[in-house]
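J.: The opening residue of the sequence shown carries number 39 in this note's numbering; numbering runs sequentially from there.
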Amino acid sequence: MSTPIDLTTLKERQKVAWASGDYAVIGTTLQIVGENLAEACDLRCDEQVLDVAAGNGNATLAAARRGCVVTSTDYVAALLERGQDRARAEHLEVIFQVADAEALPFPDESYDAVLSTFGVMFAPDQVAAAAELGRVCRRGGRIGLANWTPEGFVGQMFKTLGQHLPPPAVAQPPSNWGSDAWLHKHFDDRDFVVRVTRSHFNFRYRSAAHFIEVFRHWYGPVHKAFAVLPGEGGQALEDDLTALLNRSNRAGEDSLVVPSEYLEVVITKR
Numbered sequence: 039m040s041t042p043i044d045l046t047t048l049k050e051r052q053k054v055a056w057a058s059g060d061y062a063v064i065g066t067t068l069q070i071v072g073e074n075l076a077e078a079c080d081l082r083c084d085e086q087v088l089d090v091a092a093g094n095g096n097a098t099l100a101a102a103r104r105g106c107v108v109t110s111t112d113y114v115a116a117l118l119e120r121g122q123d124r125a126r127a128e129h130l131e132v133i134f135q136v137a138d139a140e141a142l143p144f145p146d147e148s149y150d151a152v153l154s155t156f157g158v159m160f161a162p163d164q165v166a167a168a169a170e171l172g173r174v175c176r177r178g179g180r181i182g183l184a185n186w187t188p189e190g191f192v193g194q195m196f197k198t199l200g201q202h203l204p205p206p207a208v209a210q211p212p213s214n215w216g217s218d219a220w221l222h223k224h225f226d227d228r229d230f231v232v233r234v235t236r237s238h239f240n241f242r243y244r245s246a247a248h249f250i251e252v253f254r255h256w257y258g259p260v261h262k263a264f265a266v267l268p269g270e271g272g273q274a275l276e277d278d279l280t281a282l283l284n285r286s287n288r289a290g291e292d293s294l295v296v297p298s299e300y301l302e303v304v305i306t307k308r
């Protein structure tokens, strides 16, 4: 029998997973999402911007390119180092700081915009993370999020992973953040105005096999799943991921283009 774990233990396990592989190999392909989110939030020069669970810094760079004063945070230092390398290459001034999305070390209402692209949605304590985003955003400021939906490809990929490697009972699906109802529940109408736009990001690879090869080596959750599953278990996971990818592919037999639905969210604090 497995031993029950709490949210703190789950967070430590997640940290190990995200530090494995090299998320930047995947993350840099998602840069367009950060650019689109920066435009949706109408970021202005000299605004104070916080990127939460920034990973390798897609939203960070998008905000810095628009002249914002940016603080980029994540609880995995190795991910921030990748973002730092990218900012340095573009001669962008960014503050990088290790910080937990569930307990941000910043004063109340200290940022004009608080961003997260496919990051804060993976915080184990979802209620605490949502509260922290609202707390550090000033009144009249914006919270900008890009969140994978449960129905989209990434949501289904995580569902497939869960079928082979069930998450602890305490874990909440990250794709909760990709639900309109969940967002309205945790950012209520008295304090926030929530605007949601459904969009798609296209994963582009040579084939299903190429996608799986890249993700099993570099994308933390997939990397860890294959690492802990036995030989037959790993093959079964690969077979199910291959089937999902081929069902989702809109490019035909010669390539792989898989659209994945996400919510582009702009929340204005009253």
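Beta carbons are placed, not taken as given, at the ideal position from N, Cα and C, and that holds for glycine. Fair warning: this is a prediction, and the values are worked out from it, not measured in the lab.
1. Taking only the alpha-carbon atoms, compute the straight-line gap between R176 and P143 and give it to the nearest angstrom.
2. Should S110 go down as buried or exposed, given a rule of 16 or more other Cβ atoms within 10 Å for buried?
3. Measure the Cβ-Cβ separation of R82 and G178 and say whether it is below 9 Å.
4. Classify L294: buried if its beta carbon has 16 or more other beta carbons within 10 angstroms, exposed otherwise.
5. Residue range of the alpha helix (DSSP H) that E73 falls in?
6. For S213, which residues does DSSP report across the bridge?
7. Pop quiz: F191 and S58 are said to be a contact at Cβ under 8 Å. What is the actual Cβ separation, rounded to whole angstroms?
8. My output table needs one value for R294: the three-state DSSP class, helix, strand or coil.
9. What residues in its chain sit with their C-beta under 7 Å from that of A167, if we drop five residues either side in the sequence?
10. What do you reckon, are the CB atoms on T118 and V136 nearer than 9 Å?
11. Report the three-state DSSP secondary structure of H238 (helix, strand or coil).
12. In the DSSP assignment, what are the bridge partners of Y149?
13. Cα separation between W186 and I70?
14. From N74 to V107, what does the alpha carbon distance come to, in whole angstroms?
15. Going by beta carbon distance, what residues of the same chain come within less than 7 Å of T46, once the five residues before and after it are set aside?
16. Tell me which same chain residues have a C-beta within less than 7 Å of the C-beta of G193, skipping the five on either side of it?
17. In this structure, how does DSSP classify R308 when only helix, strand and coil are distinguished?
18. Using the C-alpha atoms, what's the distance from P297 back to H322?
19. Does the region 198-207 come close enough to the region 268-281 that 3 or more CB-CB pairs lie under 8 Å?
20. Taking C-beta to C-beta, are A97 and A207 nearer than 9 Å?
21. So, helix, strand or coil for G182, using DSSP?
22. DSSP three-state call for V114: helix, strand or coil?
23. Per DSSP, what kind of secondary structure is E270 in: helix, strand or coil?
24. Within the 9 Å Cβ cut-off, does L294 reach chain C?
25. Please list, in chain order, all residues of the same chain as S40 whose beta carbon is under 6 Å from its beta carbon, the five residues on each side excluded.
26. Which of the three DSSP states, helix, strand or coil, is assigned to R228?
27. Tell me whether I181 is buried or exposed, calling it buried when 16 or more other Cβ atoms sit within 10 Å of its Cβ.
28. Taking the CB atoms as reference points, tell me whether P234 and V303 lie closer together than 9 Å.
29. Tell me the DSSP bridge mates of T109?
T.: For this structure:
1. Rounded to whole angstroms, R176 to P143 spans 15 Å at the Cα level.
2. The C-beta of S110 has 16 or more other C-beta atoms within 10 Å across all chains shown, which makes the residue buried.
3. It is not a contact, given that the beta carbons lie outside the stated cut-off.
4. L294 comes out buried.
5. For E73, the enclosing alpha helix (DSSP H) stretches over residues 69-78.
6. Beta-bridge pairing by DSSP links S213 to no other residue.
7. Wrong, their Cβ atoms sit about 22 Å apart, outside the cutoff.
8. Residue identity differs from the one stated: residue 294 is Leu in this sequence, not Arg. Assignment of L294 by DSSP, reduced to helix, strand and coil, places it in the strand class.
9. Excluding its 5 nearest sequence neighbours in each direction, A167 has C-beta neighbours in its own chain below 7 Å: A139, E140, V158, A161, listed in chain order.
10. Here residue 118 is Leu; the residue named in the question, Thr, does not match the sequence. Yes, Cβ-Cβ distance for L118 and V136 is below 9 Å.
11. Of the three classes helix, strand and coil, the one that applies to H238 here is strand, per DSSP.
12. C175.
13. Rounded to the nearest angstrom, the two C-alpha atoms are 15 Å apart.
14. Their Cα atoms are separated by approximately 18 Å.
15. Within the same chain, and ignoring the five residues on either side of T46 in sequence, no residue has its Cβ closer than 7 Å to its Cβ.
16. If we look at G193 and ignore the five residues flanking it on each side, its Cβ neighbours are W186, T187, S213, G216.
17. Residue state, collapsed to three classes: coil.
18. Residue 322 lies beyond the residue range present for the chain, which begins at 39 and ends at 308; the question has no answer from this structure.
19. Touching, per the Cβ criterion.
20. Note that the C-beta distance between A97 and A207 is not below 9 Å.
21. Strand at G182.
22. Reduced to three states, the DSSP call for V114 is coil.
23. DSSP places E270 in helix when its eight states are reduced to three.
24. Given the protein chain composition of this structure (a single chain), no chain C is represented.
25. At S40 the pLDDT is 47, less than 50, meaning the model places this residue with poor confidence and gives no usable figure here.
26. R228 sits in coil when the DSSP states are folded into three classes, being neither helix nor strand.
27. It is buried - the Cβ of I181 has at least 16 other Cβ atoms within 10 Å.
28. Reading off the sequence, residue 234 comes out as Val, not Pro. Yes. Within cutoff.
29. L88, I133.
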